[in-house]
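Engineer:
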Amino acid sequence: MSVLNTLKENSSNIKVLYVEDDKILLASLSKYLKMIFPYVQTAENGLDGLKRYTKEDFDIVIADIKMPEMNGIEMIEEIRKINIDQEILITTAFSDTSYLSRAIELDVSGYIIKPIKFDSINSTLQKVLSRVNMAKENEAYKTNLENMVEQRTMQNLVLQKEKIDNYEKTLLCLVELVEKRDAYTGGHSQRVANYSKSIAKQMGFSDEECKLIYKAGILHDIGKIETPDAVLLNPGKLDKLQFSIIKEHVVTGARLLENIPMYSDLSKIILQHHERFDGKGYPFGLKKDEILPLSQIMIVADAFDAMTTNRIYKPRIELKDALDELLKFSGTQFHPKVIKQAILVLKDVKLDKNIFQLPSTDMEEKKFAFFFEDQLTHAYNITYLELMFVQSKNSKNRQYIDVLLFHNFGNYNSKFGWNKGNEFLKKVVFILREHFNNSYIFRLNGDDFVVLSDKKIYMDVSIFDKLIKEAKSVVYVEKKTTTNKDINSLEELERFI
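So the sequence shown is residues 901 to 1397, counted in this note's numbering.
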């Protein structure tokens, strides 16, 4: 293969700029160059050559030294400012030695000696072409490597996002599980998140911090996942032991989140959301500014929601009363600076007055049965009746109370035995449910029953005639009727009976 063919084969996609003021030499050398390179542009002086160079990229620049308007050295100096690595060949005569030292300083790639002999310049072109192709290969490798790195980075980002999404989905599933175990917690968490974010925004916290406290609010009770059902599902007021158990949810929730790097900040907020400004909170008894600022906010939001939503053992209080409570405990339970801003936010809150802990589904009824069901008759027990009275104190709804007193039941037990007596009581509840299935039925004092209804019902004791007849008329029934307007406690009910 000839040298010319070799050069041509290695010159794919090579672009050349040739600058020469000698028109005859420009025409002849450019014609030869076009036999080798697929793209050759020409210029007749250094200034025109520089203009062409600034408009497009060239792999090789070939330039004469002595030219009008701007000589080759001046043009090369400007090119070097644009691209320090540009491959440059100069055409020179032996008489141009005064320029050669500067050309060397400018690190030109080679020299083509005048008068030019085409056969003799091939080796010079081959050398510069080798460097250009090597540079292109390096650039292609670098670009490919960068693309690989970028692709791997994107893959890592996708994996990281998937990992984050999986974490969040897992945590939200845990929150959902807590909500399903304790219906109060679910709505409570969302409200605390909203209140916390609004207060933080009012206090001038950044958008990032507002997002952080919102997430913390959603997850602040996630530690209840470890709280035993006997404590978590108890709708009544907790005793001292039960309260000490449920307090552990703070540490449990923080421990669950602190091992996940992106949730470590959340865990710190959650860990302190039951501390108090006066140091009487838990789990560490932190006080004043020892408590994280965002935790200080959540403490207020958490307490506000507890005050303004109905729990079975504690009716909600009105908005104004809740704000007064926050002000009352400013400086003891709550940070005064937080309270000052929280009042401005919470005074316009629209409270949902229909949030109750009373059962509304079959599943919730079954959960209540675990705590409030009389084990013999499966009616509700006296503890639940007491809590219903607590609920009714702040309720405007009228509730009707029918009391059934089964007299002489002790003699029935003595005559027929305890088993017969138990069967009798079970049948009483069965008859009541059959006739009053939308009412609450309670067993009271062993052989007495209370029927609590939202609507006035007509109860004819003759529905028990068959049962009384089966009891050989040893037992007889008496009915008394009243409303929660006159009676709203067990003590008042006992006096009524």
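A virtual CB, placed ideally from N, CA and C, is assigned to each residue, including glycine.
DSSP has Leu989 in a bridge; who is on the other side?
Structural biologist: Start at 1 with the first residue of the sequence shown, and residue 989 comes out as number 89. Beta-bridge pairing links Leu989 to Ile962 and Gly1010.
Engineer: Quick one: what's got a C-beta closer than 6 Å to Asp1274's C-beta in the same chain, skipping five residues either side?
Structural biologist: Numbered from 1 along the sequence shown, position 374 holds the residue referred to as residue 1274. Within the same chain, Asp1274 has close Cβ partners Asn1281 and Arg1343.
Engineer: Could you check what DSSP says for Gln1299 in three-state terms: helix, strand or coil?
Structural biologist: Counted from its first residue, the sequence shown places residue 1299 at position 399. Gln1299: coil per DSSP, three-state reduction.
Engineer: Give the range of the beta strand (DSSP E) segment to which Arg1333 is assigned.
Structural biologist: Working through the sequence shown from its first residue, we reach residue 1333 at position 433. Per DSSP, Arg1333 belongs to no beta strand (DSSP E); it is in the alpha helix (DSSP H), Trp1318 to His1335.
Engineer: What did DSSP end up calling Gln1233 once you bin it into helix, strand or coil?
Structural biologist: By one-based count along the sequence shown, residue 1233 stands at place 333. The answer is coil: DSSP assigns Gln1233 none of H, G, I, E or B.
Engineer: Am I right that Tyr918 and Leu933 are in contact with their C-beta atoms under 8 Å? What's the rounded C-beta distance?
Structural biologist: Mapped onto the sequence shown, residue 918 falls at position 18. Mapped onto the sequence shown, residue 933 falls at position 33. Yes, they are in contact, since the Cβ atoms of Tyr918 and Leu933 sit about 6 Å apart, within 8 Å.
Engineer: Along the chain, which unbroken stretches of the alpha helix (DSSP H) at least 4 residues long are found entirely within the region 1347–1395?
Structural biologist: Listed in chain order, the complete alpha helix (DSSP H) runs (minimum 4 residues) inside the region 1347–1395 are 1365–1370.
Engineer: To the nearest angstrom, report how far apart Val1375 and Met1207 are at their CA atoms.
Structural biologist: Along the sequence shown, read from residue 1 onward, the residue named residue 1375 stands at position 475. Along the sequence shown, read from residue 1 onward, the residue named residue 1207 stands at position 307. The alpha-carbon atoms of Val1375 and Met1207 are separated by roughly 47 Å.
Engineer: With a CB to CB cut of under 7 Å and the five nearest residues on each side skipped, what residues in its chain are close to Thr1152?
Structural biologist: Translated into the one-based positions of the sequence shown, residue 1152 becomes position 252. The residues are Gly1123 and Glu1126.
Engineer: Using 10 angstroms around the beta-carbon of Asn971, count the other beta-carbons present and answer buried if the total reaches 16, otherwise exposed.
Structural biologist: If you number the sequence shown from 1, residue 971 lands on position 71. Answer is buried; the Cβ neighbour count reaches 16.
Engineer: In angstroms with no decimal places, state the Cα-to-Cα distance between Tyr1041 and Ala1035.
Structural biologist: Within the sequence shown, numbered from 1, the residue matching residue 1041 stands at position 141. Within the sequence shown, numbered from 1, the residue matching residue 1035 stands at position 135. Their Cα atoms are separated by approximately 10 Å.
Engineer: Are the region 1300–1319 and the region 1330–1350 in contact at 8 Å, needing three or more beta carbon pairs?
Structural biologist: yes
Engineer: For Thr1208, which beta-bridge partners are listed by DSSP?
Structural biologist: Counted from its first residue, the sequence shown places residue 1208 at position 308. Answer by DSSP bridge pairing: none, since Thr1208 is not bridged.
Engineer: Using beta-carbon positions only, say whether Thr1232 and Asp1189 come within less than 7 Å of one another.
Structural biologist: Residue numbering aside, residue 1232 sits at position 332 when the sequence shown is read from its first letter. Residue numbering aside, residue 1189 sits at position 289 when the sequence shown is read from its first letter. No; because the gap between Cβ atoms is not below 7 Å, this pair is not in contact.
Engineer: Tell me which same chain residues have a C-beta within less than 7 Å of the C-beta of Leu1244, skipping the five on either side of it?
Structural biologist: As a position in the sequence shown, residue 1244 is number 344, starting the count at 1. Counting only Cβ-Cβ distances below 7 Å, and skipping sequence neighbours, we find Gln1102.
Engineer: Look up Lys1147 in the DSSP assignment and say whether it is helix, strand or coil.
Structural biologist: Looking up residue 1147 in the sequence shown gives position 247. If DSSP states are grouped into helix, strand and coil, Lys1147 belongs with coil.
Engineer: Hey, out of Lys1228, Ala963, Leu1157 and Gln1241, whose CA is closest to Ile1197's CA?
Structural biologist: As a working note, residue 1197 is residue 297 in the sequence shown. That would be Gln1241, whose Cα lies nearest to the Cα of Ile1197.
Engineer: Got a sec? Which residues, its chain only, sit under 6 Å from Arg1405 by beta carbon, not counting five neighbours each side?
Structural biologist: What is shown of the chain runs 901 to 1397, which leaves residue 1405 out entirely.
Engineer: How long is the line joining the alpha carbons of Leu1219 and Pro1183, rounded to whole angstroms?
Structural biologist: Along the sequence shown, read from residue 1 onward, the residue named residue 1219 stands at position 319. Along the sequence shown, read from residue 1 onward, the residue named residue 1183 stands at position 283. Between Leu1219 and Pro1183, the C-alpha separation is close to 29 Å.
Engineer: Consult DSSP for Lys1247 and reduce its assignment to one of helix, strand or coil.
Structural biologist: In the sequence shown, residue 1247 corresponds to position 347, counting from 1. Lys1247 falls in the coil class under three-state DSSP.
Engineer: Taking 7 Å as the CB-CB limit, is Lys1063 close to chain C?
Structural biologist: The structure shown has no chain C; it contains just one protein chain.
Engineer: Within the continuous alpha helix (DSSP H) that includes Ile976, where are the two ends?
Structural biologist: As a first step, residue 976 is located in the sequence shown; it is residue number 76 there, counting from the start. First-last of the alpha helix (DSSP H) with Ile976: Gly972 to Ile982.
Engineer: Give me, in chain order, the residues of the same chain whose beta-carbon lies closer than 6 Å to that of Leu1325; leave out the 5 immediate sequence neighbours on both sides.
Structural biologist: Mapped onto the sequence shown, residue 1325 falls at position 425. The residues are Thr1277.
Engineer: Quick check on Tyr1340: does DSSP put it in helix, strand or coil?
Structural biologist: Residue numbering aside, residue 1340 sits at position 440 when the sequence shown is read from its first letter. It is a strand residue.
Engineer: In the DSSP assignment, the beta strand (DSSP E) including Thr942 goes from what residue to what residue?
Structural biologist: Indexing the sequence shown from 1 puts residue 942 at position 42. Taken as a continuous stretch (DSSP letters only), the beta strand (DSSP E) holding Thr942 covers Tyr939 to Ala943.
Engineer: My understanding is that Ile979 touches Ile988, with C-beta atoms under 8 Å, so please give their C-beta distance in whole angstroms.
Structural biologist: Along the sequence shown, one-based indexing puts residue 979 at 79. Along the sequence shown, one-based indexing puts residue 988 at 88. With 8 Å as the limit, Ile979 and Ile988 qualify as a contact, their Cβ atoms being about 7 Å apart.
Engineer: Arg1002: which of Ser1023, Lys1115, Glu977 and Phe1018 sits nearest, CA to CA?
Structural biologist: Sequence index remark: in the sequence shown, residue 1002 carries index 102 (1-based). Closest by alpha carbon: Glu977.
Engineer: Rounded to whole angstroms, how far is the Cβ of Pro938 from the Cβ of Asn913, which I believe are closer than 8 Å?
Structural biologist: Counting from one through the sequence shown, the residue named residue 938 turns up at place 38. Counting from one through the sequence shown, the residue named residue 913 turns up at place 13. At roughly 7 Å, the Cβ-Cβ gap stays under 8 Å, so Pro938 and Asn913 are in contact.
Engineer: One question on the structure: do Gly1010 and Thr1024 come within less than 7 Å of each other, judged by their Cβ atoms?
Structural biologist: Stepping through the sequence shown from its first residue, residue 1010 is reached at position 110. Stepping through the sequence shown from its first residue, residue 1024 is reached at position 124. Contact: yes.
Engineer: Pull the bridge partners of His1307 from the DSSP assignment, please.
Structural biologist: Stepping through the sequence shown from its first residue, residue 1307 is reached at position 407. According to DSSP, which records beta bridges pairwise, His1307 is partnered with Tyr1376.
Engineer: Could you pull out every residue in the same chain whose Cβ sits closer than 6 Å to the Cβ of Val903, ignoring the five residues on either side in sequence?
Structural biologist: Position 3 of the sequence shown, counted from the start, is the residue given in the question as residue 903. Apart from sequence neighbours up to five positions away, the residues of its chain that approach Val903 with a beta-carbon distance below 6 Å are Asn1022, ordered along the chain.
Engineer: With DSSP collapsed to three states, give me the class of Met901.
Structural biologist: Position 1 of the sequence shown, counted from the first residue, corresponds to residue 901. In this prediction, Met901 scores a pLDDT of 49, lower than 50, which makes its location untrustworthy; the coordinate-derived value is nonetheless stated afterwards. Residue state, collapsed to three classes: coil.
Engineer: Give the straight-line distance between the Cα atoms of Ser1400 and Val1092, rounded to the nearest whole angstrom.
Structural biologist: Outside the modelled stretch of the chain, which goes from 901 to 1397, sits residue 1400, for which no answer is possible.
Engineer: Would you list the one or two residues that DSSP bridges to Val919?
Structural biologist: Counting from one through the sequence shown, the residue named residue 919 turns up at place 19. For Val919, which the question treats as bridged, DSSP gives the partners Ala943 and Ala963.
Engineer: Kindly give me the distance between the Cβ atoms of Leu929 and Ile1016, rounded to whole angstroms, as I take these residues to be in contact under 8 Å.
Structural biologist: Walking along the sequence shown from the start, residue 929 turns up at place 29. Walking along the sequence shown from the start, residue 1016 turns up at place 116. About 6 Å separates the two Cβ atoms, so the contact holds.
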